[in-house]
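Trainee: As numbered in my numbering, residues 114 to 226 make up the sequence shown, in order.
Where is the CB? At the ideal position from N, CA and C, for every residue including glycine.
So that we are looking at the same thing, I have put the structure below in structure tokens.
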Amino acid sequence: SGEKPYSCADCGQSFNQRSSLVQHHHIHTGEKPFTCRDCGKCFCRSSHLARHRQIHNGEKPYSCADCGQSFSRKSRLNVHHRTHIGEKPFTCPDCSKSFTTSSKFIRHQLIHS
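Shown next as structure tokens:
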């Protein structure tokens, strides 16, 4: 029905399940109750821990249709795909050089400072 009866007292965001509100509240408290048993890294959401676990178990379910390279996250496959289509959405305002990722763009900006 789309009803979201559980609201966060800190920011007003609403949720349809109480458990979702409880996990959301960790953002405000800084609590990270979900710990990776392999490396000890902590997370505020169980879904973030599950995504992180792919690093340790080697799971890479997302494959590039162009070259076959596999990735643990769909977002990383999407970034990789830019290399095949030549998309470079991050452009330096100082020299007009373009980059496929924000991290490469940010690193480049250091040469201008």
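Ignore the nearest five residues each way along the sequence and tell me which others in C124's own chain have a CB closer than 8 Å to its CB.
Mentor: Excluding positions up to five away in sequence, the list reads H141.
Trainee: Less than 6 Å between C-beta atoms, sequence neighbours within five positions excluded: which residues of the same chain meet that for H197?
Mentor: Same-chain partners within the cutoff: D179.
Trainee: Would you report the Cα separation of D207 and T214, rounded to the nearest angstrom?
Mentor: Looking at the two C-alpha atoms, the distance is approximately 17 Å.
Trainee: If I measure Cβ to Cβ from E144 and keep anything under 7 Å in the same chain, skipping five residues before and after, which residues do I get?
Mentor: The residues are C157.
Trainee: Find the nearest neighbour of G259 within the set H194, G199, C149 and R166, judged by alpha-carbon distance.
Mentor: Missing from the structure shown is residue 259; the chain here goes from 114 to 226 and no further.
Trainee: Can you tell me whether T148 is helix, strand or coil according to DSSP?
Mentor: DSSP places T148 in strand when its eight states are reduced to three.
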